[in-house]
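Before any comments, here is the structure.
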Amino acid sequence: MSRTLTLFDLDGTLLSGDSDDYWIQFLIEEGLEDEAGARAANDAIVARYRDGSVGQAEFVRFYLRTLKGRPLAQLVELRDTYMRRKIRPKLRAAGKALVARHRAADELIALTTATNRFLIELTARELGFKHAIAVEPERGGDQFTGDFSRPINFKEGKIDCLDAWLAARGARRGDFAQIRFYSDSRNDLPLLSVVSHPVAVDPDATLRAHAEKNGWPIISLADTA
């Protein structure tokens with residue numbers, strides 16, 4: 044097993060923008076969500092995500108409701124179009140290159156995201172990840188229930204989910220000489236604070252201040268074109 048573990052956040056880090064936000068936009072464009080109501084509700088929860096005030100379960104449940112009750116075959120078809128139209132154009136070239144460099148160095152790499160696994164499966168594959176830690180939506184038959192498994196891979200839950208993922212591989216954090224984590228968000232401060240090599244990527248104001256205070260590297264993966 045590699046002695047270096049490198050973790051990447053997705054939204055705002057490797058992706059310009061947010062997967063859940065783009066999903067709501069996509070559903071509105073497809074006529075599957077009420078434009079006025081869905082946009083207002085989404086804007087409100089995004090604002091609370093950015094200021095750190097939204098709760099784990101509330102945030103996750105808000106987006107999982109959009110999967111509930113729809114046949115899986117329909118969702119898979121929608122996701123393919125969403126990936127092509129909304130996500131692929133927003134994947135950062137510098138981010139892809141960074142992931143490739145760490146993979147070429149024979150490190151254990153994983154994506155860790157507060158977006159649900161159904162939405163990010165294709166994105167993870169596109170970026171070259173074999174491993175992804177994500178919110179796990181529950182299914183009943185060929186439909187999602189709108190509920191989710193715990194722990195929730197959001198805020199401090201990212202630590203619990205990382206530990207569970209490593210334990211399933213017969214490992215623990217202490218087995219690695221280095222653990223690096225790239226993220227843009229204040230919501231990832233719990234995990235950033237327990238790894239050996241935290242890296243702030245195009246950070247929000249709170250994360251930038253924390254990184255500067257603690258001497259963490261600050262980098263940009265934003266497209267310059």
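Residues 44 to 268 (our numbering) are what the sequence shown spells out, left to right. Glycine included, every Cβ here is placed at the ideal spot set by N, Cα and C.
Roughly how many whole angstroms lie between the Cα atoms of residue 153 and residue 64?
The residue you call residue 153 lines up with position 110 of the sequence shown. The residue you call residue 64 lines up with position 21 of the sequence shown. For residue 153 and residue 64, the distance between alpha carbons rounds to 22 angstroms.
Quick check on the DSSP output: the beta strand (DSSP E) that includes residue 163 runs from which residue to which?
Here residue 163 refers to the residue found at position 120 of the sequence shown. Premise fails: residue 163 lies in the alpha helix (DSSP H), 160-170, not in any beta strand (DSSP E).
Does the separation of the CB atoms of residue 69 and residue 129 fall below 9 angstroms?
Within the sequence shown, residue 69 is the residue found at index 26, counting from 1. Within the sequence shown, residue 129 is the residue found at index 86, counting from 1. Contact flag set, yes.
Rounded to whole angstroms, what's the CA-CA distance from residue 255 to residue 199? Just pull it up for me.
As a working note, residue 255 is residue 212 in the sequence shown. As a working note, residue 199 is residue 156 in the sequence shown. Their Cα atoms are separated by approximately 21 angstroms.
At the level of alpha carbons, what is the spacing between residue 218 and residue 169?
By one-based count along the sequence shown, residue 218 stands at place 175. By one-based count along the sequence shown, residue 169 stands at place 126. Cα to Cα, residue 218 sits roughly 29 angstroms from residue 169.
Starting from residue 240, trace the alpha helix (DSSP H) both ways and give me its first and last residue.
On the sequence shown, residue 240 is found 197 positions in, with the first residue counted as 1. Segment 240-244 is the beta strand (DSSP E) holding residue 240; no alpha helix (DSSP H) there.
Using the C-alpha atoms, what's the distance from residue 195 back to residue 11?
As shown, the chain starts at 44 and ends at 268. That puts residue 11 outside it, with no answer to give.
What does the alpha-carbon distance come out to for the pair residue 88 and residue 193?
Residue mapping note: residue 88 aligns to position 45 of the sequence shown, counting from 1. Residue mapping note: residue 193 aligns to position 150 of the sequence shown, counting from 1. Those two C-alpha atoms are separated by around 21 angstroms.
Measure the Cβ-Cβ separation of residue 141 and residue 174 and say whether it is below 9 angstroms.
Taking the sequence shown and counting its residues from 1, one reaches residue 141 at position 98. Taking the sequence shown and counting its residues from 1, one reaches residue 174 at position 131. No, these two residues do not count as a Cβ contact at 9 angstroms.
Which whole runs of the alpha helix (DSSP H) in the stretch 217-265 are 4 residues long or more, in chain order?
232-235 and 248-257
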